[in-house]
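Participant: Dropping a structure here in structure tokens format, bear with me for questions.
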Amino acid sequence: SLVNLGVLALQKGSLADAVSTWTRVLDLLSHQQTELRADTLDNRATARLSLGDYDAALRDYHAAMLLHKENSSIKGQGRSLSGIATTYQHLGELSAARESYEASLEFRQEASDLRGITSTLTYLGDVCRQLGDIECALDAHRQAAELAPNEIFRVKAEIALAVDHLTSGDPR
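Counting in the working numbering, the sequence shown runs from 25 upward without gaps.
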């Protein structure tokens with residue numbers, strides 16, 4: 025299906041092709057297919073974010089968020105909010121990024137989305153560090169390391185913790 029072609033293009037790093045494919049998918053979907061539309065908007069937003077098209081990424085993430093809310097998709101709302109947060113982080117709007125990661129975390133916890141919780145905690149900790157709130161960074165990264173569903177997530181959180189300690193002047 026076209027959706028899968030978009031995913032393959034994204035995985036290959038063919039971001040413009042992914043955006044084009046998902047735009048075609050959205051044109052073909054009926055407005056009643058709100059769950060698939062929301063997921064496709066999230067995917068297209070991710071590709072747009074990677075291309076540096078931040079305004080378009082935010083538009084897609086916000087549109088996806090509204091559809092996820094309409095569908096009562098708690099997990100989807102967490103995903104969209106995390107994308108919004110990442111976009112704000114790239115734009116240097118760190119306070120907005122922090123607020124969006126914190127909101128995303130609430131949805132992901134409600135959905136029991138362990139991978140989402142762990143990745144959001146890691147990104148939230150990174151933003152807290154960038155804001156100079158080392159205690160928040162340490163707390164978020166410790167939680168991420170404890171909850172990590174696999175080694176990759178755990179190692180990412182532990183590396184972030186090491187950076188926190190170095191930033192704070194504590195070279196543990």
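Yeah, the Cβ is synthetic: ideal placement off N, Cα and C, and Gly gets one too.
Looking only at C-alpha atoms, which of 87, 95, 155 sits nearest to residue 105?
Facilitator: The residue with the shortest Cα to Cα distance from residue 105 is 87.
Participant: Using the rule of at least 16 other Cβ atoms within 10 Å of the residue's Cβ for burial, across every protein chain shown, is residue 176 buried or exposed?
Facilitator: Classification of residue 176: exposed, given that the 10 Å Cβ count is below 16.
Participant: Use the C-beta contact count for residue 165: other C-beta atoms within 10 angstroms, 16 or more gives buried, fewer gives exposed.
Facilitator: Its Cβ being crowded by 16 or more others within 10 Å, residue 165 is buried.
Participant: Helix or strand or just coil, what does DSSP make of residue 53?
Facilitator: Three-state result, residue 53: coil.
Participant: For residue 146, collect the residues of the same chain with a Cβ closer than 8 Å to its Cβ; drop the 5 residues on either side in sequence, then sort them by chain order.
Facilitator: 164, 165, 168, 177, 180, 181, 184.
Participant: Give the straight-line distance between the Cα atoms of residue 192 and residue 77, rounded to the nearest whole angstrom.
Facilitator: If I take the Cα positions, the gap works out to 34 Å.
Participant: Give the straight-line distance between the Cα atoms of residue 190 and residue 63, rounded to the nearest whole angstrom.
Facilitator: Going from the Cα of residue 190 to the Cα of residue 63 covers about 38 Å.
Participant: In its own chain, which residues sit with a C-beta less than 8 Å from the C-beta of residue 158, not counting the 5 before and 5 after it?
Facilitator: Once the five neighbours on either side are set aside, the close Cβ partners of residue 158 are 152, 188, 191, 192.
Participant: Please say whether residue 32 and residue 65 have beta carbons closer to each other than 8 Å?
Facilitator: Contact: no.
Participant: Between 174, 44, 58, 135, which lies nearest to residue 70 when the distance is taken from Cα to Cα?
Facilitator: It is 44 whose Cα lies nearest to the Cα of residue 70.
Participant: The alpha helix (DSSP H) with residue 126 in it runs from where to where?
Facilitator: 118-134 is the span of the alpha helix (DSSP H), which, as asked, contains residue 126.
Participant: Can you list, in chain order, the residues of its chain with a C-beta nearer than 7 Å to that of residue 115? Leave out the 5 residues immediately preceding and following it.
Facilitator: Cβ neighbours of residue 115 beyond the five flanking positions: 78.
Participant: Throw me the rounded Cβ distance for the residue 148 and residue 125 pair, which I believe falls under 8 Å.
Facilitator: Yes, residue 148 and residue 125 are in contact; Cβ-Cβ is about 4 Å, under 8 Å.
Participant: Measuring alpha carbon to alpha carbon, tell me which residue in 100, 143, 154 is nearest residue 131.
Facilitator: Of the listed residues, the one whose Cα sits closest to residue 131 is 100.
Participant: Specify the secondary structure class of residue 107 as computed by DSSP and reduced to three states.
Facilitator: Looking at residue 107 - three-state DSSP - the assignment turns out to be helix.
Participant: Thinking just about the alpha-carbon of each residue, which of 73, 140, 57 is nearest to the one in residue 98?
Facilitator: Nearest C-alpha to residue 98: 140.
Participant: What do you reckon, are the CB atoms on residue 49 and residue 30 nearer than 8 Å?
Facilitator: Contact: yes.
Participant: Any idea what DSSP makes of residue 174, helix, strand or coil?
Facilitator: Coil, per DSSP.
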